[in-house]
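Structure first, commentary second.
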Amino acid sequence: MELRHLKYLLAVADHQNFTRAAEALHVSQPTLSQQIKQLEHSLGVELFDRSGRTVRLTDAGAAYVHHARLAMRDLQAGERAVHDVRDLSRGHLRIAVTPTFTAYLVGVLVHNFRVAHPGIRVTVLETNQDQIEADLLADRLDLGIGFDGQHAAGIEARTLFTETLCLVVGTDHPLGTATAAVPISALADEPLGLLSSDFATRKHIDEYFAECQVQQHIAIESNSISALLELVRRNVVATVLPDAIARERTDLHPVPLQPPLPARTVQLLQRAGVYRSAAARAFTETLDTVVAARQESTGRYWSNQ
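Heads up, the sequence shown is in full-length UniProt numbering, so the first residue is 1 and it goes up one at a time.
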């Protein structure tokens with residue numbers, strides 16, 4: 001068995017079709033079929049059921065594919081380790097964040113990293129925390145930024161800072177002139193624009209209103225933070241987001257509520273026990289520097305734990 005056998009096996013398993021798998025691999029279909037037959041012969045089992053319209057894994061094939069994926073993941077990690085450049089003159093870093101961080105953290109973080117290490121290509125993804133942890137475990141990511149809580153087995157987490165939520169309004173909104181915390185009861189008739197329910201932030205908001213026994217007046221739901229912020233800026237709605245977002249912009253105003261909205265612990269996520277590339281280590285150092293600087297200048301809403 002050779003490495004190409006594993007690549008061909010996984011391609012057919014993913015596409016469930018020899019023709020499409022061959023196209024993806026840029027080989028002819030007869031060549032692909034021959035290589036799969038060689039692998040089956042060496043193992044002494046049939047890996048695919050070819051009797052239907054689609055090619056399906058047999059029970060033996062499913063068991064073998066599971067281990068083949070693990071082997072390919074480790075081989076790819078090893079390849080990156082071999083090509084890791086200690087002087088950071090080149091390389092590739094893959095990171096992912098949960099959505100609210102793109103509005104106030106990612107910009108300064110990636111900017112500072114790129115200034116220090118312009119030869120490193122950075123891929124930044126925005127997705128939910130479950131997907132971040134799954135991608136870390138599958139070695140599709142190097143680092144993730146999310147929140148504390150119950151993590152998947154094999155995920156290592158380190159606390160960075162505490163994120164505080166607040167009411168966010170436009171600069172001309174009546175609540176923007178409040179000199180003290182606004183009671184949550186004042187929002188009973190206030191039209192709100194909130195993130196959709198697939199955001200972790202929305203869960204925190206819903207739980208907060210439920211605990212305060214105040215009915216939300218939801219006028220707009222969106223899965224785009226940028227769209228919400230534009231609507232807030234135009235005083236169409238108020239929203240609830242991390243107060244760090246409002247403090248980054250002069251056209252928004254953070255309004256504390258009484259009782260206070262819940263705080264969340266932000267964590268750096270990575271797969272436990274794997275090789276850390278020079279780029280990943282350098283990015284972690286940049287992240288710590290950014291967090292420390294923000295804590296010093298705006299410690300009221302960036303605090304280490």
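No residue lacks a Cβ here, since even glycine has one placed at the ideal position from N, Cα and C. All values derive from a computational prediction rather than experimental measurement.
Excluding the 5 residues flanking Cys212 on each side, which residues of the same chain have their C-beta closer than 6 Å to its C-beta?
Locating residue 212 in the sequence shown gives position 212, where the first residue counts as 1. Ile184.
When the Cβ atoms of the region 3-21 are set against those of the region 49-68, are three or more pairs found closer than 8 Å?
yes
Name the DSSP bridge partner or partners of Gly170?
On the sequence shown, position 170 is the one that residue 170 refers to. In DSSP, Gly170 forms a bridge with Leu252.
Consult DSSP for Ala200 and reduce its assignment to one of helix, strand or coil.
For the purposes of this step, residue 200 is identified with residue 200 of the sequence shown, where counting begins at 1. Note: Ala200 maps to helix in three-state DSSP.
Pick from Ala153, Ser28 and Leu136: whose alpha carbon is nearest that of Arg73?
For the purposes of this step, residue 73 is taken as the residue at position 73 of the sequence shown. When only C-alpha atoms are compared, the closest one is Leu136.
Taking 8 Å as the cut-off, does the region 244-254 touch the region 161-175 (at least 3 CB pairs, one atom from each stretch)?
yes
Which residue marks the beginning of the alpha helix (DSSP H) containing Pro30, and which one marks its end?
Residue 30 sits at position 30 when you count from the first residue of the sequence shown. Residues Gln29 to Leu43.
If I measure Cβ to Cβ from Leu194 and keep anything under 7 Å in the same chain, skipping five residues before and after, which residues do I get?
Here residue 194 is taken as the residue at index 194 of the sequence shown, counted from 1. By the criterion of a C-beta distance shorter than 7 Å, Leu194 is surrounded in its chain by Arg202, Ile205, Ile218, Glu221, Thr239 and Val240, once the five residues flanking it on both sides are discounted.
Given this structure, state the Cα-to-Cα distance separating Leu287 from Gly91, to the nearest angstrom.
Counting from 1 along the sequence shown, the entry for residue 287 is found at position 287. Counting from 1 along the sequence shown, the entry for residue 91 is found at position 91. Going by the C-alpha atoms only, they are around 18 Å apart.
On the DSSP letters alone, give me the boundaries of the alpha helix (DSSP H) that Val108 sits inside.
Numbered from 1 along the sequence shown, position 108 holds the residue referred to as residue 108. Segment Val106 to Ala116, the alpha helix (DSSP H) holding Val108.
I want to know whether the region 62-71 touches the region 87-106 - three or more CB-CB distances under 8 Å.
Fewer than three beta-carbon pairs drawn from the region 62-71 and the region 87-106 are found closer than 8 Å, and the two stretches are therefore not classed as touching.
Decide if Ser277 is buried, meaning its Cβ has at least 16 other Cβ atoms within 10 Å, or exposed.
The sequence position of residue 277 within the sequence shown is 277, counting from 1. Burial call: buried.
If you follow the beta strand (DSSP E) that Leu268 is part of, which residue opens it and which one closes it?
For this step, residue 268 is matched to residue 268 along the sequence shown. Ala263 to Arg271 is the extent of the beta strand (DSSP E) around Leu268.
Among Gln267, Gln131, Gly78 and Gly119, which residue has its Cα nearest to the Cα of Ala279?
The count along the sequence shown starts at 1 and reaches residue 279 at position 279. Comparing Cα-Cα distances from Ala279 to each of Gln267, Gln131, Gly78 and Gly119, the minimum goes to Gly119.
Roughly how many angstroms lie between the CA atoms of Gln215 and Ala186, to the nearest whole one?
Mapped onto the sequence shown, residue 215 falls at position 215. Mapped onto the sequence shown, residue 186 falls at position 186. Looking at the two C-alpha atoms, the distance is approximately 11 Å.
Taking 8 Å as the cut-off, decide whether the C-beta atoms of Thr265 and Thr159 are in contact.
Position 265 of the sequence shown holds residue 265. Position 159 of the sequence shown holds residue 159. Going by C-beta atoms, Thr265 is nearer than 8 Å to Thr159.
Is the beta carbon of Gly146 closer than 8 Å to that of Gln129?
Here residue 129 is taken as the residue at index 129 of the sequence shown, counted from 1. Here residue 146 is taken as the residue at index 146 of the sequence shown, counted from 1. Yes. Within cutoff.
By DSSP, does Asn304 sit in helix, in strand, or in coil?
On the sequence shown, residue 304 is found 304 positions in, with the first residue counted as 1. Legend: pLDDT at Asn304 = 39, less than 50; position of this residue unreliable, no value from coordinates given.
What is the rounded straight-line gap between the Cα of Ser303 and the Cα of Val290?
Along the sequence shown, one-based indexing puts residue 303 at 303. Along the sequence shown, one-based indexing puts residue 290 at 290. Model confidence at Ser303 stands at a pLDDT of 42, short of 50, so the residue's coordinates are unreliable; what they give is reported in the following sentence. Looking at the two C-alpha atoms, the distance is approximately 12 Å.
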